[in-house]
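Q: Next up is a structure, given as structure tokens.
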Amino acid sequence: MRPKSVVALLAGCALIVIVNAVILVAASRNRGGDRLAELMLTERELAVPEFREDESSGLFLTFKIASDPPPAVQRIAWRKRADLPSVDYPWLDRGKLEALGFRLGPEASVPSDEHAHVGTIQRTAFVALEFDGESWTRWLAAREDRLRKRLPQDEAEALLALDRTMRSHLVPVDAGRDAETLRRRFPDRARYLIVPGIVRAVQGGADAGDPSWRGQIAAVLVSDLHVPRELAPALKTFLPQETEDAVLKREQRERRLSWPAATPPRYRAVVTFGSRNEPWLFSVTKIEAN
Amino acid sequence: MATCTRCGSTLPDGATPCPKCSPSIDNSLLETEAAPRSPGEFVPLDPGTVLAERYRILALAGRGGEGEVYRADDLKLGQTVAVKILPESFRRNERRLARLISEVRIARRVSHPNVCRVYDIVESEGQTFLTMEWIDGESLASLLHRKGRLSKDTAIGIARQVSLGLAAAHDEGVLHRDLKPGNVMIDDRGVVRITDFGLATTAASVRGATAREGTPFYMSPEQLAGAEVTAQSDMYALGLVLFEVFTGRHAFPGRTLEEMLELRSSPPPDPKSLAPDLHPAVSRVILRCLDVDPMRRPPSGREVAAALPGGARLAEAMAFAQRKADRISAFREELTELRRAGLVRLDDNDLAAVERHHDSELRDLISRFDVDVSERGKQLALGMRVVSLLGAIALAASAFFFFNQIWGVISIPLQLGILTIAPLAALVATDAIAKRERGGYFTSIAALFAFACLVLDQILLGATFNQAQPVWELLAWGAFAMVLADGYRLPLLRVVGLVLLAAFVNALLAVRAGVYWPNFIEHPEGLIPAGVLLLALRLLVARRMRPGFAAIDRVLGLIFLLFPMILLSITGSLSYLPFDPSHISVGYQILGFAVSAGAIALGVARRFRDFVYCGALFFVVFLYLKFVQWWWDWMPKYLFFLIVALTAMGVLWALKRLRAAVTVGPLEAES
């Protein structure tokens, strides 16, 4: 009989090799098979990191959808203690949530913690994202309406300017349990992405006191896109110069409460989604200022 | 007169070969090389002679090239010692004497049951002598001569003890340089001790030969060639001794020094060819010891001991051995207390007999299992475990930050190469370290590092190809941790492995329920089947599982089972079950009470101390949660806490009764 350490050595080596093989075969099948989508996005949808990282040489771009505010806006809002109104997706209502598998409690007038968890409050689902289409226009109009109603005019105008320039134009338009069904509904592969994401059920939605169940897109599963070494130089000029610590200290020193200046996107990036719905960055080009 | 170091029998004067065991070998090759004695130098001491007003000579026990050994009484301590009178030439040469003192100082550092203790070096009334531990027994040379080839079990026992004794000496930087059957004594209880540490070196230095010291018949090729002598030379001698122990014959029966030198330049015969029933592991380790290249010999006697049949079970038995040592210590403390209270009366002889028996048992346990026999030792061992854990975490963090630092500047193929090779290399290093180490501290660091490298490998590869984290990652990590834990006996990795595998079961249920699997923590119900599975495996098919991890498996099994029940009894809506959440809460409260009470009952019945403790803890938690639910809102707080305190006392009383009921057979944590 072999000693246990020899068995451990052999089994451990086999496990390491198998794990690596599985990942590499999956990557190869994803990139070698059908391309499910190919979109040209901009910095609004694929953001560079907000801060310089001294101890990391790897570069990732972060996927943003319309409901994700630019991070700088979020930070200033927190400092101003401003309660920024969010915008729901009207189609993600109780019926859709139940179709996605949520078991929702009764819509009591006061949301109950006891029922908040019924049947899980988060579920994975495929989400259809429309890029720069009518949904974006509608979303922006709804947002404009809500901001003007809830905030002083100058605040609302400043935020709207930021939204128009810096918000992601990727708007969730549908969700389902089956990617192919969604793709049949949205066949344009240059405009619609079908990505796995997390849907969250909340009671109250955007309007406080509203007892009805609403859904939110909590996250897209592959939220960070690795930038291959050969594409990294194209993004070098857009990378931040300050570390997180330096930015926070500076903003605190300046007691900055004004919204950041709206800056238009500086680059375009072509993203391809392979047969396993795993994306990769295909190219990056600079947007020349007019 | 001289003694044959192979068989221990007295040889006629001159260089006549030993007529009993080595008729064809030049006798001088069997003796430790020492300075020639002038005729008439040896004047035996008469029995009754008292040296240094302390050591009374009883009888001449043996005589060789380095002096005469007498059995003597230490009048001060009242115990028998061995007194070795060194030749006159030692006393005359100051440099030689100084070196001898220095070597005795080093040799005294070696404290191991398989090494003969050197007590002191004394100069008195024109005599220079060493006092050493007296071993009432027989030399290995004599035993081999008497019995020829030893039985398998005896041979393995002797080989293991000689190997461990040599390892202990090497740990202290002491080289023997003269290891041979004549320098291995076996006492009447079968405990083996290596004798004459350091003396051969001293004898040789006086003679002026820098390397060719010791007994030529048991010298390594480099020693015979006069090259550098290291601990690996001792390993060669160990190989020669083991060859004889297991085959009954010498590996290189050369007649002259030149012949031996020539024979040693080639590999020895396979011991299996002389003893076909020899275990292949024994044959392999002997041949490794006898490798011409010192670097290819085993690095330590400990590795030789581990490679012998039964070596792999050694560490498994360590837990048993530690408990046995603990029991002896506890017994001694208790006996002292009982005697002080006058409840036990033992006469001095009985007490001494018990002490001797326990001393002997402890020596044996220390030599075979490296047990800690004092609280201080245990605290140090625990400290070393904590330090090794911190070291492993720091090493894993270092690997993480290193990858982070170089990630963006290397190509994807290189990334793949580094990520794949890192865990493989760490695993191979773990294996190599485990073979050299008994305590497992550095093995633990290396194994945790290998585990961290695999986790990094998977996360970074997945990130490079923008893959969503798959649920099977938990299975792969858990399986890897279990493989390492089982192969190298690492409890911490067993815990990590079991937690990851339980998390995998939980995550699978979460995925089935449509939850993104990293959020499985919000749904603890999936841990319950994991706990049931683990407990069923451990309780029903325990014999096939590693016994050293039984307590870990049982405690984790109960935690997986009962912890989610606590959460679900508070918030029923966390459940996957399609029932009213309030009903689910009540159901889990009842189930929690039943399971924790069942755990206590099973623990008592099967004598699982851990089960009883864990069950009792969960039972009390369930009870208190119920109290909070029932009374917190309407009852005055002083009354509430009074009830809690009274309940605690009630539980204590119940447990005390339970303990009293089972005291006839005390609870034991099965290992």
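Line order of the protein sequences matches chains A and B.
Quick note on the working numbering: the first sequence kicks off at 7 and runs consecutively.
Quick note on the working numbering: the second sequence kicks off at 520 and runs consecutively.
Glycine included, C-beta positions come from ideal geometry on N, C-alpha and C.
As the structure is a prediction and not an experimental result, all values here were calculated from the model.
Using the rule of at least 16 other Cβ atoms within 10 Å of the residue's Cβ for burial, across every protein chain shown, is residue 194 of chain A buried or exposed?
A: It is exposed - the Cβ of residue 194 of chain A has fewer than 16 other Cβ atoms within 10 Å.
Q: In chain order, what residues of the same chain lie with their CB nearer than 6 Å to the CB of residue 1004 of chain B, ignoring the 5 residues before and after it?
A: Only 1012, 1013 and 1016 meet the Cβ criterion.
Q: Quick test of your reading: residue 1002 of chain B and residue 17 of chain A, contact by CB under 8 Å. State the CB separation rounded to the nearest angstrom.
A: Indeed, because the Cβ distance is near 5 Å, the residues count as touching under 8 Å.
Q: Among A:265, A:173 and A:200, whose alpha-carbon lies nearest the alpha-carbon of residue 183 of chain A?
A: Of the listed residues, the one whose Cα sits closest to residue 183 of chain A is A:200.
Q: For residue 1025 of chain B and chain A, any beta-carbon pair shorter than 7 Å?
A: No, residue 1025 of chain B lies away from the interface with chain A (no Cβ there is under 7 Å from its Cβ).
Q: Where do the ends of the alpha helix (DSSP H) carrying residue 625 of chain B lie?
A: Residue 625 of chain B -> alpha helix (DSSP H) spans 613-628.
Q: Evaluate the contact criterion for the region 983-999 of chain B versus the region 1020-1039 of chain B: three or more CB pairs, one atom per stretch, below 8 Å.
A: Touching, yes, given that three or more Cβ pairs across the two stretches are closer than 8 Å.
Q: Identify each residue in the region 931-948 of chain B for which the Cβ-Cβ distance to at least one residue of chain A is less than 8 Å, and report them in chain order.
A: Those residues of the region 931-948 of chain B that come within reach of chain A (Cβ to Cβ, closer than 8 Å) are 931, 935, 938, 939, 942, 943, 946 and 947.
Q: What is the rounded straight-line gap between the Cα of residue 744 of chain B and the Cα of residue 914 of chain B?
A: Distance between the alpha carbons of residue 744 of chain B and residue 914 of chain B is about 44 Å.
Q: Cα-Cα, which of A:287, A:256 and A:12 is closest to residue 232 of chain A?
A: Closest by alpha carbon: A:287.
Q: May I ask you to list, following chain order, the residues of the region 968-988 of chain B that have a beta carbon less than 9 Å from some beta carbon of chain A?
A: From the region 968-988 of chain B, only 969, 972, 973, 976, 977, 979, 980, 981, 982, 983, 984, 985, 986, 987 and 988 have a Cβ closer than 9 Å to chain A.
Q: State the beta-bridge partners of residue 221 of chain A as determined by DSSP.
A: DSSP output for residue 221 of chain A lists A:207 as bridge partner(s).
Q: Please list the partners that residue 128 of chain A has in chain B, where partner means a Cβ-to-Cβ separation under 8 Å.
A: 1034, 1035, 1038 and 1041, listed in chain order.
Q: For residue 291 of chain A, list the residues DSSP reports as bridge partners.
A: In the DSSP output, where bridge partners are listed per residue, residue 291 of chain A has A:274.
Q: Quick one: using the 10 Å Cβ neighbour count with 16 as the cut-off for buried, is residue 722 of chain B buried or exposed?
A: The predicted model places residue 722 of chain B with a pLDDT of 37, which falls under 50 and marks its position as unreliable; any figure quoted below should be read in that light. Flag for residue 722 of chain B reads buried.
Q: Does residue 999 of chain B come within less than 7 Å of chain A when only Cβ atoms are used?
A: Chain A contact via Cβ: present.
Q: Please compile the residues from chain A whose C-beta is within a distance smaller than 8 Å of the C-beta of residue 926 of chain B.
A: Those within 8 Å of residue 926 of chain B in chain A are 62, 63 and 64.
Q: Cβ closer than 7 Å: which chain A residues qualify as neighbours of residue 1086 of chain B?
A: What residue 1086 of chain B touches in chain A: nothing, since even the nearest Cβ is about 11 Å away.
Q: With the cut-off set at 7 Å, would you say residue 606 of chain B and residue 586 of chain B are in Cβ contact?
A: Cβ distance < 7 Å, so residue 606 of chain B and residue 586 of chain B count as in contact.
Q: Name the chain B residues that come within less than 7 Å of residue 284 of chain A, Cβ to Cβ?
A: The answer, in chain order, is 984, 985 and 986.
Q: Under 6 Å from any heavy atom of the ligand MG, does the C-beta of residue 823 of chain B make it?
A: Ligands in the displayed structure: none, and consequently the ligand MG is not present.
Q: Between the C-alpha atoms of residue 920 of chain B and residue 972 of chain B, what's the straight-line distance to the nearest angstrom?
A: The alpha-carbon atoms of residue 920 of chain B and residue 972 of chain B are separated by roughly 12 Å.
Q: Applying the 10 Å Cβ sphere with the 16-neighbour rule, what's the burial state of residue 84 of chain A?
A: So residue 84 of chain A ends up on the exposed side.
Q: Do we get a CB-CB distance below 7 Å when we pair residue 73 of chain A with the residues of chain B?
A: It does not; no Cβ of chain B falls within 7 Å.
Q: Mind checking the region 901-925 of chain B against chain A and listing, in chain order, the residues whose C-beta falls within less than 8 Å of any C-beta there?
A: Flagged, chain order: 920, 923, 924 and 925.
Q: Can you confirm whether the region 1149-1159 of chain B touches the region 1097-1106 of chain B when touching is taken to mean that 3 or more C-beta pairs between the two stretches lie within less than 8 Å?
A: Contact between the region 1097-1106 of chain B and the region 1149-1159 of chain B is absent, because fewer than three Cβ pairs lie under 8 Å.
Q: Could you name each continuous alpha helix (DSSP H) segment of 4 residues or more that falls completely within the region 152-195 of chain A, going from the start of the chain to the end?
A: Listed in chain order, the complete alpha helix (DSSP H) runs (minimum 4 residues) inside the region 152-195 of chain A are 159-172 and 185-191.
Q: If we ignore side chains and look at the alpha-carbon of each, how far apart do residue 1028 of chain B and residue 857 of chain B end up?
A: In a straight line, the C-alpha of residue 1028 of chain B is about 58 Å away from that of residue 857 of chain B.
Q: So, helix, strand or coil for residue 108 of chain A, using DSSP?
A: DSSP places residue 108 of chain A in coil when its eight states are reduced to three.
Q: Return the CA-CA distance between residue 1174 of chain B and residue 873 of chain B, expressed in angstroms with no decimal places.
A: Distance between the alpha carbons of residue 1174 of chain B and residue 873 of chain B: 34 Å.
Q: Give a yes or no on whether the minimum CB-CB distance between residue 107 of chain A and chain B is below 7 Å.
A: By this cut-off, residue 107 of chain A is an interface position.
Q: With 7 Å as the threshold, decide whether the Cβ of residue 188 of chain A is near any Cβ in chain B.
A: False, the Cβ-Cβ gap to chain B never drops below 7 Å.
Q: So is residue 977 of chain B buried or exposed if we call it buried at 16+ other beta carbons inside 10 Å?
A: Buried, because 16 or more other Cβ atoms sit within 10 Å of the Cβ of residue 977 of chain B.
Q: For residue 1048 of chain B, which residues from the same chain have a beta carbon less than 8 Å from its beta carbon, with the 5 sequence-adjacent residues on both sides left out?
A: Here the set comprises 1024 and 1028.
Q: Opposite residue 673 of chain B in the DSSP bridges: which residues?
A: None; residue 673 of chain B has no bridge partner.
Q: Return the residue from the list B:929, B:764, B:742 and B:565 that minimises the CA-CA distance to residue 784 of chain B.
A: Nearest option by C-alpha distance: B:742.
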